[in-house]
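Take a look at the structure below.
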Amino acid sequence: MTNIMKRLIHFSLSIFVVFLFACTEGDSSTIVNKKGDDKQEVNKVSHPKNIILMIGDGMGVSQISAALTIRRDSLNIARCKYIGFSKTSSFDEFITDSGASGTAMSTGNKTNNQYLAVDPQGHSLPTILEIAEENGLSTGLVATSSITHATPASFIAHNVDRGDYEAIALDFLKTDIDVFIGGGKNYFAARKDGLNLLDSLKARNYYLIYNSGELAKIDSGKIAGLFYDDHPPKYSEGRGSMLKTSALKAIEILEMNDMGFFMMIEGSQIDWAGHDNDSEYLMDETLDFDDAVGAVLDFAEKNMETLVIITADHETGGYAINGGDLQEGKVEGAFTSGGHTGVMVPVFAFGPGAEEFIGIYENTEIFFKCMKAFGFSQ
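Take any residue in the sequence shown, count from 1 to its spot, add 11: that is its number in my numbering.
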């Protein structure tokens with residue numbers, strides 16, 4: 012073979028490789044997976060259409076490790092392959108509370124303990140939920156606490172006192188949130204100021220829902236789910252699968268918006284079990300939260316346009332594992348504190364944009380990573 016022929020062949024092969032590379036790089040909308048003779052197209056999106064932020068209040072690495080042992084290595088949260096850690100200190104304290112940590116995640120700003128979606132000087136800050144609404148997305152909140160409690164409130168209310176539940180309830184009427192489900196009916200109906208916010212919600216076309224049975228019958232529209240006068244009971248005292256069923260119903264409603272949605276789901280009482288130093292209560296609540304995680308991840312797997320972020324606002328109780336049995340699924344746990352602690356908490360991510368959540372960063376970065384994922388300007 013002559014040198015000219017060799018050069019022609021080499022040139023032709025080079026052109027072919029460049030062409031093939033350009034074709035595969037130029038069309039990033041699909042990936043083709045081969046299964047025998049069959050081909051299956053899988054959508055690949057540059058930005059998620061939906062974001063679901065799941066917060067296990069007070070849930071640190073030890074709580075997850077214990078739950079993983081009890082479930083014999085089959086915890087739903089372990090399905091996430093992208094994992095990072097967030098640092099939780101508030102603006103004014105090394106140990107954060109849920110209001111300040113929730114605000115960090117919802118607004119991208121550190122603030123004082125007890126504050127909700129305001130800066131340290133008390134000025135209101137826009138939340139990711141409110142920004143999502145402004146961009147045409149649907150929004151939702153689901154919690155196993157009163158819906159006016161610190162973590163859900165930090166996404167929708169603006170107040171220097173997280174305990175001002177009646178004022179927080181009024182803030183729900185200043186937004187166009189599509190679905191909110193939790194406890195706290197009395198802060199809307201049996202108020203000291205005599206206002207009946209249930210009538211106001213009804214006038215704004217919300218379905219007022221007071222239990223899971225009523226919730227199951229709703230298939231469209233806006234939902235105000237106020238299942239309990241104050242906080243829901245413990246899982247062990249009859250709350251049942253409220254968190255999972257409420258999360259799934261909220262997804263069903265919110266995904267009707269072709270623009271997408273943002274939702275925050277909180278397993279609130281993991282924190283309360285840590286404050287009580289009650290290991291059995293702690294594991295009940297952590298496993299209930301993980302059941303909801305499993306249902307959300309199942310949706311995200313099928314939907315393929317949903318980013319799921321699973322984290323905590325802080326750790327509670329200084330929980331430690333001092334022994335156990337992997338075969339029997341038993342854990343010997345103990346507590347070092349009756350309050351919150353200052354350790355980093357894990358961040359798990361699943362779906363388009365999940366790779367952005369690896370590493371160690373301030374909890375404020377969760378807001379900015381969500382903004383980037385949605386493609387919102389800051």
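Virtual Cβ for every residue (Gly too), placed ideally from N, Cα, C.
One Cα belongs to D336, the other to E343, and the distance between them is close to 9 Å. Membership of N61 in the beta strand (DSSP E) is indicated by the continuous run 61-67.
Shown here, N170 sits in a strand according to DSSP, grouped into three states. Taking C-alpha positions only, Q132 is separated from I377 by approximately 22 Å. Counting along the chain, no alpha helix (DSSP H) covers D336; the unbroken beta strand (DSSP E) around it starts and ends at 331-336. Using a Cβ distance threshold of 8 Å, H286 and T99 do not count as a contacting pair. Below 8 Å, too few C-beta pairs join the region 155-162 and the region 213-228 to call them touching: fewer than three. In the structure shown, I369 falls within a coil segment according to DSSP collapsed to helix, strand and coil. T317 sits close to I63, with the two beta carbons spaced by under 8 Å. Taken through DSSP and simplified to helix, strand or coil, M70 comes out as coil. Around the beta carbon of D189, a 10 Å sphere encloses 16 or more other beta carbons of the protein chains shown; the residue is thus reported as buried. T297 and I94 have their C-alpha atoms spaced approximately 18 Å apart. If you look at E296, you'll find it in the alpha helix (DSSP H) that goes 290-314.
Annotation: the continuous alpha helix (DSSP H) that includes L181 extends over 176-183. By the beta-carbon neighbour count (other beta carbons within 10 angstroms, threshold 16), M270 is exposed. Runs of the beta strand (DSSP E) spanning 3 or more residues and lying entirely within the region 244-285 occur at 272-278, in chain order. For M253 and E366, the gap between their C-alpha atoms comes out near 31 Å.
Nearest Cα to T327 within the set P59, H58, I75, N61: I75. Just measuring C-alpha positions, the residue of I192, Y176, T186, L212 sitting nearest D204 is Y176. Less than 8 Å separates the beta-carbon of G151 from that of F191. In terms of Cβ geometry, A154 and S348 do not form a close pair [threshold 8 Å]. Across the set N207, G195, S73, N146, the C-alpha of S73 shows the shortest separation from the C-alpha of V354.
In the structure shown, I158 adopts coil according to DSSP, grouped into three states. Taking 8 Å as the cut-off, the beta carbon of V358 is found no closer than this to the beta carbon of F346.
S85 counts as exposed, since fewer than 16 other C-beta atoms from the protein chains shown sit within 10 angstroms of its C-beta.
A distance below 7 Å between beta-carbons, with the five flanking residues on each side excluded, links M267 to the following residues of its chain, in chain order: S231. Taking C-beta atoms under 8 Å as the contact rule, A323 and G113 fail to qualify, at a distance of about 11 Å. Per DSSP, the unbroken beta strand (DSSP E) holding I321 starts and ends at 317-322. Secondary structure of Y221 (DSSP, three-state): coil. Look at I94 here: in three-state DSSP terms it is strand. Contact annotation, A180 with L140: C-beta distance approximately 16 Å; criterion of less than 8 Å not satisfied. Per DSSP, A384 lies in no beta strand (DSSP E) segment; the continuous alpha helix (DSSP H) that holds it begins and ends at 376-385.
Non-local beta-carbon contacts of S135 in its own chain, meaning distances under 8 Å to residues more than five positions away in sequence, involve A128, V129, H169 in chain order. Of the candidates A284, G119, A77, the residue whose Cα lies closest to the Cα of S97 is G119. Short of 7 Å from the beta carbon of V304, and not among the five residues preceding or following it, lie these beta carbons of its own chain, in chain order: M65, N87, I88, I321. Assigned with DSSP and collapsed to three states, E343 falls in strand.
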